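Chemist: For the record, the sequence lines run as chains X and B.
Heads up, the first sequence is in my numbering, so the first residue is 191 and it goes up one at a time.
Heads up, the second sequence is in my numbering, so the first residue is -9 and it goes up one at a time.
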Amino acid sequence: MSDAKPGCVLIVDDHKTNRMKMAFGIKNLGHTVEMAENGRQALEILRAQAIDLVLLDIVMPEMDGFQVLETMKRDKVLRNIPVIVISAETEMEQVVKGIELGAEDYLPKSFDPVLFKARVEACLEKKRLRDNEQLYLRGLERELQIGQRIQRSFLPDSLPQPPGWEIAAHFQAAKEVAGDFYDAFWLSRQEKIGVVLGDVCGKGVGAALFMTLFRSLIRAVANLDDFIHTDLSAAAANNLEPEAVVVEKAVTLTNNYICHNHQQANMFSTLFFGLLDPMTGRMVYTNAGQEPPLILSSKGDIHRLDITNPVIGIIPGIKFNIREIWLHPGDTLLAYTDGITEAFNPEGQMFSEHRLEALLNKPIASAAALLELIAASVDTYMGSSNQSDDITMIAVRRLTDCN
Amino acid sequence: MASPLKITVSQEQGQVPVTVFHLVGDIDNSSYEELQAQAKSAYQAGSHYLLLDLTKVKYMSSAGLRALHNIFDLLNAGASEETQKKMKRGILDGSYKSPYLKLLNPSRDVKRTLSTSGFDMFLEIHTNAKAAVNSFN
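Here it is, written out as structure tokens:
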């Protein structure tokens, strides 16, 4: 008997003598035995309890060995149980057919003890390895699901909706976890709204871990005056504009933090960070290596914002440039990651800017409807090809008086 | 539908010996590690000047940028602390481009990726192979 846990072996044979011989051999090896006289009985046992190996005779009344094999291989659970076909030395054709139908091995009815032991133990070992692999995969899947759930909690549950404004987002990960992120949050002491969109390089778990870091740093640092109970009106007293100070401080500290503490990880992120004053429509922003967001006017004009800086996380000490824009009634700001423009169709062509812009020359019903329209168009364009990158958008729309 | 990346390597002699990676295919999530690994092997085998020929690269994702940054750091690893400090200051005032890693003939799309991300701030982009090799010193 091997050191491994004993297995449970199902013996299927219509001849009692054969069943007894095999049962004796199996018990001698330290394993437990279940027995069936025909195929029908065998399937009943297989469905009722955990079996590690089947020793299967071919010629039997009611349901023969081939039918058992075929049924087992069609079944999602039973197909993983190894089968050894039992056959007379003269019935090689049956053995070949059994192997073709998915049997692991065969044993002659002479039941030579050395051969018997070798084949039974080899099949049980294979089953154990397969079981372990399944267990491991299920564990990984579970971990990934937990990761996914936690990561989603780093994206906002709901977005601020100040009077006269509409803010909507769309997020569609390419894998279980994503490197894209978006955010919109009130800066309570200033009555301003932070609007964030970023894309950490790469995909999967590595990008996802850094996504949580970038997103948290920006949100935390932008709100720093709340945490440390200072008032940014002090900035105004020094001729510094509070909004610009908040934006610059948030991206500068985040950039330097990543550069100094995570240089070895070689991870960086694009980042659009705008601070919107919903009372006036003015937005102060910086755009670090992110696809330039678009402003759609109510008249159908499209205007692109600037790229103000390289991606964050690679150049320590860099000075971030701050710009401003005004969103007038009817204007919509649309920020999106390259998962939109670099979505591939089955022919290997990219969706690109011109297809995106072509969608934007019609009047918009709402910010959410605009994002749905873009997402559906990209989805149709990708067709049967896999989504190769995360797709994320955020839209900020200033309603007109008649809205 | 990504096309897999093929890398062939040649050695050129300019003012200094230059290793040229001729890349064919896409530099994306499935290929960037291969590019990094090949650059590392070349560096360990003594190559200090690397030119990436991007003529036949149609698409480079952010993972490709990550590989460029990784190789940039790798080739700078031997520099003294003083040189590293100078380099950082140089990047900030726009006066520094890597003397070790340069790019040749990026497509319009790849060039756009390089400029959007700001990588063209510290990587020289050449359009002539001979001039590119001779620019290393």
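We treat Cβ as the ideally placed atom computed from N, Cα and C, and that holds for glycine.
Predicted model, so just to flag it, every value in this text is computed and none were measured.
Cβ of E23/B within 8 Å of Cβ of L(-5)/B?
Modeler: In this structure, L(-5)/B does not lie closer than 8 Å to E23/B by Cβ.
Chemist: If you draw a straight line from the alpha carbon of L233/X to that of I271/X, how long is it in whole angstroms?
Modeler: Whole-angstrom Cα-Cα distance: 12 Å.
Chemist: So, does the region 289 to 305 of chain X touch the region 220 to 230 of chain X, judging by three or more C-beta pairs under 8 Å?
Modeler: Flag = no, the region 289 to 305 of chain X and the region 220 to 230 of chain X do not touch.
Chemist: Anything in chain X within Cβ reach of R56/B, meaning under 7 Å, just list it in chain order.
Modeler: Within chain X, the residues near R56/B are C391, G392, N456.
Chemist: Could you give the uninterrupted runs of the alpha helix (DSSP H) lying entirely in the region 229 to 294 of chain X, keeping only those of 4 residues or more?
Modeler: Complete alpha helix (DSSP H) runs here, min 4: 229 to 238, 255 to 264, 282 to 290.
Chemist: Looking at the unbroken alpha helix (DSSP H) that takes in A226/X, where does it start and where does it end?
Modeler: Unbroken run through A226/X is the beta strand (DSSP E), 222 to 226; no alpha helix (DSSP H).
Chemist: Let me check understanding here. Comparing Cα to Cα, which of A312/X, G471/X, K439/X lies closest to T590/X?
Modeler: Checked all of A312/X, G471/X, K439/X; the closest Cα to T590/X is G471/X.
Chemist: Please classify N499/X: does DSSP put it in a helix, a strand, or coil?
Modeler: Here N499/X sits in strand by DSSP.
Chemist: Assuming D389/X and T527/X make a contact with CB atoms under 8 Å, what is their CB distance in whole Å?
Modeler: Indeed, because the Cβ distance is near 4 Å, the residues count as touching under 8 Å.
Chemist: F112/B bridges to which residues according to DSSP?
Modeler: DSSP output for F112/B lists no bridge partner at all.
Chemist: What is the rounded straight-line gap between the Cα of Q362/X and the Cα of I241/X?
Modeler: C-alpha separation (whole angstroms): 42 Å.
Chemist: Am I right that V474/X and L443/X are in contact with their C-beta atoms under 8 Å? What's the rounded C-beta distance?
Modeler: No, V474/X and L443/X are not in contact; Cβ-Cβ is about 17 Å, not under 8 Å.
Chemist: Using only the alpha-carbon positions, how far apart do K30/B and R545/X sit?
Modeler: Going by the C-alpha atoms only, they are around 39 Å apart.
Chemist: Measuring only between beta-carbons, confirm whether D579/X sits less than 8 Å from chain B.
Modeler: Yes, D579/X lies at the interface with chain B (some Cβ there is under 8 Å from its Cβ).
Chemist: Taking all protein chains shown into account, decide if S343/X is buried (16 or more other Cβ within 10 angstroms of its Cβ) or exposed.
Modeler: So S343/X ends up on the exposed side.
Chemist: Closest Cβ-Cβ distance between H419/X and chain B: below 8 Å?
Modeler: Residue confidence for H419/X is low, a pLDDT of 43 falling below 50, so the modelled location carries little weight and cannot support an answer.
Chemist: Going by the DSSP bridge assignment, what does Y475/X pair with across the sheet?
Modeler: Beta-bridge pairing links Y475/X to G464/X, R513/X.
Chemist: How about A364/X and D579/X: are their beta carbons less than 8 Å apart?
Modeler: Yes. Within cutoff.
Chemist: In whole angstroms, what separates the C-alpha of D467/X from that of P352/X?
Modeler: So the two alpha carbons sit approximately 10 Å from each other.
Chemist: What does DSSP give as the partner residue(s) for Q1/B in the beta ladder?
Modeler: In the DSSP output, where bridge partners are listed per residue, Q1/B has T9/B.
Chemist: When you compare the CB positions of L243/X and K317/X, do they come within less than 8 Å of one another, or not?
Modeler: Taking 8 Å as the Cβ cut-off, L243/X and K317/X qualify as a contacting pair.
Chemist: Which residue or residues does DSSP assign as beta-bridge partners of G15/B?
Modeler: Looking at the DSSP assignment, G15/B forms a beta bridge with V47/B.
Chemist: Beta-carbon of G479/X versus every beta-carbon of chain B: anything under 8 Å?
Modeler: Chain B, which has a Cβ nearer than 8 Å to the Cβ of G479/X, makes this yes.
Chemist: Just checking my contact of V(-1)/B with Y39/B at CB under 8 Å: how many whole Å lie between their CB atoms?
Modeler: Not really, about 13 Å apart at Cβ, beyond 8 Å.
Chemist: Does the beta-carbon distance from M572/X to L524/X come in below 8 Å?
Modeler: For M572/X and L524/X, no; Cβs fall outside 8 Å.
Chemist: So, does the CB of G507/X fall closer than 8 Å to a CB anywhere in chain B?
Modeler: True, the Cβ-Cβ gap to chain B drops below 8 Å.
Chemist: Indicate the three-state DSSP secondary structure (helix, strand or coil) for F361/X in the structure shown.
Modeler: Of the three classes helix, strand and coil, the one that applies to F361/X here is strand, per DSSP.
Chemist: Leaving aside the five residues before and after T103/B along the sequence, list all residues of the same chain whose C-beta is less than 6 Å from its C-beta, in chain order.
Modeler: Here the set comprises M50.
Chemist: Taking only runs that begin and end inside the region 543 to 593 of chain X, name each unbroken alpha helix (DSSP H) of 4 or more residues, in chain order.
Modeler: 557 to 572, all fully within the region 543 to 593 of chain X.
Chemist: Output needed for A295/X: all residues of its chain with C-beta closer than 7 Å, excluding positions within five of it in sequence on either side, in chain order.
Modeler: The sequence as given places Asp at residue 295/X; Ala does not occur at that position. Result list for D295/X: I274, R309, C313, in chain order.
Chemist: With a 10 Å radius around its C-beta and 16 neighbouring C-beta atoms as the bar for buried, classify L463/X as buried or exposed.
Modeler: The residue asked about is misnamed: residue 463/X is Phe in this sequence, not Leu. F463/X should be labelled buried.
Chemist: Counting only Cβ pairs nearer than 7 Å, list the residues of chain X close to I81/B.
Modeler: Under the 7 Å cutoff, chain X gives I505.
Chemist: How long is the line joining the alpha carbons of V395/X and H360/X, rounded to whole angstroms?
Modeler: Distance between the alpha carbons of V395/X and H360/X: 20 Å.
Chemist: Counting C-beta neighbours from all protein chains within 10 Å, is the total for Y90/B 16 or more, i.e. buried, or is it exposed?
Modeler: That one is buried.
Chemist: Name the residue from N499/X, P500/X, S488/X whose alpha carbon lies nearest to the alpha carbon of G519/X.
Modeler: Note that residue 519/X is Pro in the sequence shown here, rather than Gly. The residue with the shortest Cα to Cα distance from P519/X is S488/X.
Chemist: Have a look at Q539/X and G369/X and give me their C-alpha separation to the nearest angstrom.
Modeler: Straight-line Cα distance between these residues: approximately 23 Å.
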